[in-house]
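What follows is a short report on a single structure.
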Amino acid sequence: MSDGLSHWLMSEAPLSRRQAVLGRFYRGIRSILTNPTAVVGLVIVILLVLMGIFAPLLSLGNSPLTQDLAGRLGAPSAEHWFGTDELGRDILARTLYGARATLAIVALVSVIVVPIGLAVGTVAGYMGGWVDAVLMRITDIFLAFPRLILALAFAAALGPGIENAVIAIALTSWPAYARIARSETMTIAHSDFIQSVVLQGASTWRILFRHIVPLCLSSVIVRLTLDMSGIILTAAGLGFLGLGAQPPTPEWGAMVSSGRDVILDQWWVATIPGLAIFVVSLGFNLLGDGLRDVFDPKSGS
Amino acid sequence: MIRVENLSVIFHAGGREVRAAEGVSFTVAKGETFGIVGESGSGKSTLLRAIAGLVPSTSTALEVDGQPAARRRSRADRRKLQFVFQDPYASLHPRKTVDDILREPLEIHREGEIDERVAAAIADVGLLPIHRFRYPHQLSGGQRQRVAIARALILRPPILLLDEPTSALDVSVQAEILNLLARLRQSYSLTSILVSHDLAVVAHLCDRIAIMQLGRLVEVISADNLRTGNVSADYTRKLIAASQGFTRVPA
Amino acid sequence: MSEAPLLTVEDLEVSFPGRTGVTRAVRNASFTLGRERLGIVGESGSGKTTMGRSLLGLLPRTAQVTAKTMSYEGTDLLACSERDWQKLRGRRMSMVMQDPKYSLNPVQTVGRQISETALLHLKSDHKDARRRTLAMLEAVQIRDPELVYGLYPHQLSGGMGQRVMIAMMLIAEPDLLIADEPTSALDVTVQNEVLRILDDLVRDRGMGLILISHNLTMVSSFCDRVLIMYAGRIVEEIAARDLQHARHPYTRALVAATPSLTVRRAELATVTRDPEWLK
Chain B
1175 MSDGLSHWLM SEAPLSRRQA VLGRFYRGIR SILTNPTAVV GLVIVILLVL MGIFAPLLSL
1235 GNSPLTQDLA GRLGAPSAEH WFGTDELGRD ILARTLYGAR ATLAIVALVS VIVVPIGLAV
1295 GTVAGYMGGW VDAVLMRITD IFLAFPRLIL ALAFAAALGP GIENAVIAIA LTSWPAYARI
1355 ARSETMTIAH SDFIQSVVLQ GASTWRILFR HIVPLCLSSV IVRLTLDMSG IILTAAGLGF
1415 LGLGAQPPTP EWGAMVSSGR DVILDQWWVA TIPGLAIFVV SLGFNLLGDG LRDVFDPKSG
1475 S
Chain L
67 MIRVENLSVI FHAGGREVRA AEGVSFTVAK GETFGIVGES GSGKSTLLRA IAGLVPSTST
127 ALEVDGQPAA RRRSRADRRK LQFVFQDPYA SLHPRKTVDD ILREPLEIHR EGEIDERVAA
187 AIADVGLLPI HRFRYPHQLS GGQRQRVAIA RALILRPPIL LLDEPTSALD VSVQAEILNL
247 LARLRQSYSL TSILVSHDLA VVAHLCDRIA IMQLGRLVEV ISADNLRTGN VSADYTRKLI
307 AASQGFTRVP A
Chain C
428 MSEAPLLTVE DLEVSFPGRT GVTRAVRNAS FTLGRERLGI VGESGSGKTT MGRSLLGLLP
488 RTAQVTAKTM SYEGTDLLAC SERDWQKLRG RRMSMVMQDP KYSLNPVQTV GRQISETALL
548 HLKSDHKDAR RRTLAMLEAV QIRDPELVYG LYPHQLSGGM GQRVMIAMML IAEPDLLIAD
608 EPTSALDVTV QNEVLRILDD LVRDRGMGLI LISHNLTMVS SFCDRVLIMY AGRIVEEIAA
668 RDLQHARHPY TRALVAATPS LTVRRAELAT VTRDPEWLK
């Protein structure tokens, strides 16, 4: 980063709103980068994204779908770096393309649970009274569902597939975010700066959306990142049970499942995707830990 | 401009009833600066918040600008009356710049020329353009309080309520803010109510002063009478004596 | 002052290394304290609290404290180890701080806390410590010492809590008491009561008292001498009664900026900070 740009971003006297917002964002990134745990996690997550995007390039010409029954269960070699699976498909390619399924699940779940959790939590925390009671009881109900069982139920009712897996995971995850948002909201609902916006005649919607939600975001993001590993493992678990992405789409959990039978002799079939699950899970965990350190109110944010 | 008759604020905390303010009556004339002084537990801040509609209260009358003040204030009502809080560190949203904070009231009330008015408001309270896009944590206590005052006045309300606006500030900064308030009330012909525990501050800025003790109004006196000690209640005398510093009784 | 001063400080420097460089919280501070009431007045950031804490070795380990002289009744404070400090604190020097809520142990009765201090510093047993505690509570004008002995800190009002703090800090009969904003959290009518108690105790026991505050009115009416601090420096040392005729522009500005109940002024004087004062 050139000196000039860096100075402009770190300026204590920003001249425009854009400069102020970018400056704050820049400072946030810098503080994240000073935390080694966060950096390692971030690197892993970025690699995951790159794997997904550049899967075709990185597969070295192999397709994840081309079967080669003659060359099935082949050991890692020059042609197939990670060997081949029970249908002769290149495992490297399948692992790389499998990242897309993981990314899809991560993205879809996030996009569903964060808005719902924030909406329910902030409304409950701000309005209090019976609204709070009703919303919290609804939250409790969803919290009580065991994720995997609900996913099985969905699969039984609607058929297996990645969309249903996502819905099952999202439905059982959003309550935690609602709780976090609610407790943050309750902390700030009576603070002077919120009271002052009330005094200006702001509508409840405006207060919630423009003043309260921004302050809940950091806790929610930390929680989401930490949850990510659990979500990935659950998705892999569903895939393992055959309830996630359907064949022939590559998906890590399904790959581990199909490699189960040959794990002793052809260990690579199950282990490679298993390692991928482990590393990505770990990556999100580390990132979440690091972000939590950075956003911790004690150290200032 | 403001008429309060028999105002009471009762909180229910843990099964007990707390009478924060009881049977308070007074009026504030247009253009007047009215002071409310009391020690902790006197109910002065609660009283101010009740007038602003921030806490529920009961009264035989509570009139703002000739109109009875409803329990739920409308957006139009909010234009008439604004508030400056005590703690400069808690009254500004930590994630919004000064610019964001000042635009908010204008946007809520759908007013125009926002950029110009924000720039003018900033200059009006003695801040500089370099402060405009700063976040609150990049400002000092005195600067934050200036922003709070600018925010309160940007809609040109006729009435300004101030809850211990300088209690959290150093003496030199307090002097600047008090001078600022004196100038602004002149420029905008404000009717204000100033709450403080500091008798000297209140005597400096206010025309008439209400003394409160344990939720009740003890008396209302003019600033001049306060200065000369020409007061009727013993409590007021005690307060005046205490405010003048320590007196050593010869051993 | 015919006898030797209790406390002698010469060229005291306190710095804190930080991410953006070194912060000099106290610079070149020099003063003496005898058996008198000395006030230290300053605004936030003036270094008054840091200086007070440095006199009792209460600064964090990152603080760098240097001075030409810093001695108390002959003991060189600069050379004190933590053990030496423990012998000094409570027994010979003590400190009362702003809010008793934060200084008293919330899960112990106040009587017990005071007795513990007595046990720690005086050669006494439990019975004797209790007797001394009750006597001390009475000395700080608590009407029912027996009752208050068994109370917990959260059951005390602000004024009473502060009196309990004073009792705790004086029970070991130190010669020097530093009071850092002892009355800032109290109502003005209670403030003077607490000050009166401090005053009587100081006079009766011949103690030295340093009163640190931002409240010029209070300090000037209570203390004998006043030190004015600005940006870590002592900019003026003056007798309390002469404050109206202060020499340093900052002191004069501070006096002029304080609103007065008796004198009517159209505008309060504001302090134009002269960068010269920082030198």
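Protein chains in written order, with our numbering: chain B, 1175 to 1475; chain L, 67 to 317; chain C, 428 to 706. For every residue, glycine included, the Cβ atom is placed at its ideal position computed from N, Cα and C.
Exercise for the section: Alpha carbon to alpha carbon, how far is glycine 484/C from phenylalanine 458/C? Give it in angstroms, no decimals. Expected result: Walking along the third sequence from the start, residue 458/C turns up at place 31. Walking along the third sequence from the start, residue 484/C turns up at place 57. Taking the straight line joining both Cα atoms gives about 17 Å.
Exercise for the section: Please name the residue or residues paired with glutamate 437/C in a DSSP beta bridge. Expected result: Taking the third sequence and counting its residues from 1, the one referred to as residue 437/C is at position 10. DSSP output for glutamate 437/C lists Thr496/C as bridge partner(s).
Problem - Minimum Cβ-Cβ distance from glutamate 470/C to chain L less than 8 Å - result: Numbered from 1 along the third sequence, position 43 holds the residue referred to as residue 470/C. Cβ-Cβ to chain L under 8 Å: yes for glutamate 470/C.
Problem - Beta-carbon spacing of serine 1431/B, phenylalanine 1452/B below 8 Å - result: As a first step, residue 1431/B is located in the first sequence; it is residue number 257 there, counting from the start. As a first step, residue 1452/B is located in the first sequence; it is residue number 278 there, counting from the start. Contact: no.
Practice task
Please confirm if leucine 158/L has its CB atom under 8 Å from at least one CB of chain B.
Solution key: Within the second sequence, numbered from 1, the residue matching residue 158/L stands at position 92. Answer yes: the Cβ-Cβ gap between leucine 158/L and chain B drops below 8 Å somewhere.
Practice task
Name the two residues that bound the continuous beta strand (DSSP E) containing aspartate 607/C.
Solution key: Taking the first residue of the third sequence as position 1, residue 607/C is located at position 180. Residues 603-607.
Problem - Interface flag, threonine 163/L vs chain B, CB-CB below 8 Å - result: Along the second sequence, one-based indexing puts residue 163/L at 97. It does; some Cβ of chain B falls within 8 Å.
Exercise for the section: Please check if any C-beta of chain L sits within less than 8 Å of the C-beta of glutamate 1186/B. Expected result: Sequence index remark: in the first sequence, residue 1186/B carries index 12 (1-based). Chain L contact via Cβ: present.
Handout entry: Where the segment 296-313 of chain L meets chain C: residues whose CB sits under 8 Å from a CB there
Key = Lys304, Leu305, Ile306, Ala308, Ser309, Gln310, Gly311, Phe312 and Thr313
Practice task
Using the Cα positions of leucine 235/L and glycine 207/L, report the straight-line distance between them to the nearest angstrom.
Solution key: Here residue 235/L corresponds to residue number 169 of the second sequence, with the count starting at 1. Here residue 207/L corresponds to residue number 141 of the second sequence, with the count starting at 1. Looking at the two C-alpha atoms, the distance is approximately 7 Å.
Practice task
Count the C-beta pairs between the segment 180-188 of chain L and the segment 137-155 of chain L that are closer than 8 Å, then say yes if the count reaches three, no if not.
Solution key: Under the Cβ criterion (8 Å, minimum of three pairs), the segment 180-188 of chain L does not count as touching the segment 137-155 of chain L.
Handout entry: Within-8 Å CB hit, phenylalanine 199/L to chain B
Key = Walking along the second sequence from the start, residue 199/L turns up at place 133. Judged by the 8 Å Cβ criterion, phenylalanine 199/L is in contact with chain B.
Problem - Segment limits, alpha helix (DSSP H) that includes methionine 592/C - result: Taking the third sequence and counting its residues from 1, the one referred to as residue 592/C is at position 165. 585-597 is the span of the alpha helix (DSSP H), which, as asked, contains methionine 592/C.
Exercise for the section: Return the residues of the segment 1283-1302 of chain B that lie within a Cβ-Cβ distance of less than 8 Å from chain L, sorted by chain order. Expected result: none
Exercise for the section: With distances taken Cα to Cα, identify the nearest neighbour of glutamate 173/L among Pro1422/B, Asp1401/B, Thr1445/B and Ile1381/B. Expected result: If you number the second sequence from 1, residue 173/L lands on position 107. Of Pro1422/B, Asp1401/B, Thr1445/B and Ile1381/B, the residue nearest in Cα terms is Ile1381/B.
Practice task
Using a Cβ cut-off of 8 Å, pull out every chain C residue sitting near histidine 263/L, in sequence order please.
Solution key: In the second sequence, counting from the first residue as 1, residue 263/L sits at position 197. In chain order: Asp614 and Val615.
Handout entry: Beta-carbon proximity of serine 1393/B to asparagine 1459/B, cut-off 8 Å
Key = The count along the first sequence starts at 1 and reaches residue 1393/B at position 219. The count along the first sequence starts at 1 and reaches residue 1459/B at position 285. Not closer than 8 Å, so no.
Problem - Residue nearest to proline 224/L in terms of C-alpha spacing, selected from Gly89/L, Gly80/L and Ser258/L - result: To locate residue 224/L, count along the second sequence from 1; it is residue 158. Of the listed residues, the one whose Cα sits closest to proline 224/L is Ser258/L.
Exercise for the section: Tell me whether leucine 120/L sits in a helix, a strand or coil according to DSSP, three-state version. Expected result: Translated into positions along the second sequence, residue 120/L becomes position 54. Secondary structure of leucine 120/L (DSSP, three-state): coil.
Exercise for the section: Measuring only between beta-carbons, confirm whether histidine 78/L sits less than 8 Å from chain B. Expected result: Here residue 78/L refers to the residue found at position 12 of the second sequence. Judged by the 8 Å Cβ criterion, histidine 78/L is not in contact with chain B.
Exercise for the section: Along the alpha helix (DSSP H) that carries tyrosine 155/L, what are the first and last residues, could you check? Expected result: The residue labelled residue 155/L in the question sits at position 89 within the second sequence. Tyrosine 155/L -> no alpha helix (DSSP H), and no H or E assigned at all.
Exercise for the section: Check whether the Cβ atoms of alanine 1410/B and glycine 1427/B sit closer than 8 Å, and answer yes or no. Expected result: In the first sequence, residue 1410/B corresponds to position 236, counting from 1. In the first sequence, residue 1427/B corresponds to position 253, counting from 1. It is a contact, given that the beta carbons lie within the stated cut-off.
Handout entry: serine 1473/B (DSSP reduced to helix, strand or coil)
Key = Residue mapping note: residue 1473/B aligns to position 299 of the first sequence, counting from 1. A caution first: serine 1473/B carries a pLDDT of 43, below 50, which makes its placement in the model too unreliable to give a value.
Handout entry: Buried versus exposed, by CB contacts within 10 Å (16 or more), isoleucine 139/L
Key = Residue numbering aside, residue 139/L sits at position 73 when the second sequence is read from its first letter. For the sequence presented, residue 139/L should be read as arginine rather than isoleucine. With a threshold of 16 other beta carbon atoms within 10 Å, arginine 139/L meets it and is buried.
Practice task
Could you tell me whether the segment 119-136 of chain L touches the segment 189-202 of chain L, where touching means 3 or more Cβ pairs closer than 8 Å?
Solution key: no
Exercise for the section: Count the other CB atoms, across all protein chains shown, that sit within 10 Å of the CB of isoleucine 1315/B; report buried if there are 16 or more and exposed otherwise. Expected result: Position 141 of the first sequence holds residue 1315/B. Classification for isoleucine 1315/B: exposed.
Exercise for the section: Since I believe valine 646/C is in contact with glycine 479/C (beta carbons under 8 Å), could you give me their beta-carbon distance rounded to a whole number of angstroms? Expected result: Taking the third sequence and counting its residues from 1, the one referred to as residue 479/C is at position 52. Taking the third sequence and counting its residues from 1, the one referred to as residue 646/C is at position 219. The pair is not a contact, with the Cβ atoms about 13 Å apart (cut-off 8 Å).
Problem - Exposure label - glutamate 694/C; buried when at least 16 CB within 10 Å - result: Along the third sequence, one-based indexing puts residue 694/C at 267. Flag for glutamate 694/C reads exposed.
Handout entry: Cβ pair lysine 304/L, threonine 477/C closer than 8 Å
Key = Numbered from its first residue, the second sequence carries residue 304/L at position 238. Numbered from its first residue, the third sequence carries residue 477/C at position 50. No, the pair does not count as a contact, with Cβ atoms beyond the cut-off.
Practice task
Could you tell me which residues DSSP puts in a beta bridge with arginine 451/C?
Solution key: For this step, residue 451/C is matched to residue 24 along the third sequence. Looking at the DSSP assignment, arginine 451/C forms a beta bridge with Ser442/C.
Exercise for the section: Return the bridge partner residues of isoleucine 259/L from the DSSP annotation. Expected result: Working through the second sequence from its first residue, we reach residue 259/L at position 193. In DSSP, isoleucine 259/L forms a bridge with Phe100/L and Leu227/L.
Handout entry: Simplified DSSP assignment, three categories, for proline 134/L
Key = Start at 1 with the first residue of the second sequence, and residue 134/L comes out as number 68. Proline 134/L falls in the strand class under three-state DSSP.
Problem - Best match in Ile1206/B, Gln1440/B, Ala1363/B and Leu1373/B for proximity to arginine 145/L [C-alpha to C-alpha] - result: The residue labelled residue 145/L in the question sits at position 79 within the second sequence. For arginine 145/L, the nearest C-alpha among the options comes from Leu1373/B.
Handout entry: Bounding residues of the beta strand (DSSP E) (the contiguous stretch that carries glutamate 72/L)
Key = Within the second sequence, numbered from 1, the residue matching residue 72/L stands at position 6. It should be pointed out that residue 72/L corresponds to asparagine in this sequence rather than to glutamate. Unbroken beta strand (DSSP E) run through asparagine 72/L: 68-79.
Practice task
Look at alanine 666/C and isoleucine 598/C and say whether their C-beta atoms are less than 8 Å apart.
Solution key: For this step, residue 666/C is matched to residue 239 along the third sequence. For this step, residue 598/C is matched to residue 171 along the third sequence. For alanine 666/C and isoleucine 598/C, no; Cβs fall outside 8 Å.
Problem - Of the residues Leu256/L, Ile277/L, Val315/L and Phe312/L, the one placed nearest valine 297/L, counting alpha carbons only - result: The sequence position of residue 297/L within the second sequence is 231, counting from 1. With distances taken between Cα atoms, valine 297/L lies closest to Ile277/L.
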